[in-house]
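Letter by letter, the sequence shown follows residues 1 to 76 of full-length UniProt numbering. Quick reminder that beta carbons are idealized off the backbone N, C-alpha and C, glycines included. Predicted, not measured: the structure shown is a model, and the values here were computed from it. The structure appears right after this line, and notes come after that.
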Amino acid sequence: MDPKYGKKKKQLNRDKVPYRINHVSWWEEELPSEEEMMEGCRNLEKHDNTVDYIVTHCCASSTQLLLGGTAFKPDR
Numbered sequence: 001m002d003p004k005y006g007k008k009k010k011q012l013n014r015d016k017v018p019y020r021i022n023h024v025s026w027w028e029e030e031l032p033s034e035e036e037m038m039e040g041c042r043n044l045e046k047h048d049n050t051v052d053y054i055v056t057h058c059c060a061s062s063t064q065l066l067l068g069g070t071a072f073k074p075d076r
């Protein structure tokens, strides 16, 4: 762990800067693997790139940019 973790966290909280901590508030495993992404693309292609629903806990990076400006960065 970063030896300055506590100090950095306190500063971010004070400045109301959003942040994520791996295995505390965010898990890298939430992101799909390259293989899972390719499977999703193949499935979309099989169905003419149409879907009935998209279930997610996060908005698209393009929407995030509109809502939060440059405060948030895409995961990939």
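Rounded straight-line distance, which links the Cα of residue j to that of residue i
i: V51; j: K7; result: 46 Å
i: N13; j: Y19; result: 9 Å
i: P3; j: N43; result: 45 Å
i: C41; j: H23; result: 28 Å
i: G68; j: E36; result: 28 Å
i: E39; j: E45; result: 10 Å
i: A71; j: L31; result: 20 Å
i: Y5; j: N49; result: 44 Å
Contacting residues, own chain, Cβ-Cβ under 8 Å from residue i (five flanking each side not counted)
i: W26; result: R20
Boundaries of the alpha helix (DSSP H) in which residue i is found, first to last residue
i: residue 81; result: Because residue 81 is not part of the residues shown, which for the chain are 1 to 76, the question remains open.
i: R14; result: 5-14
i: L66; result: 61-68
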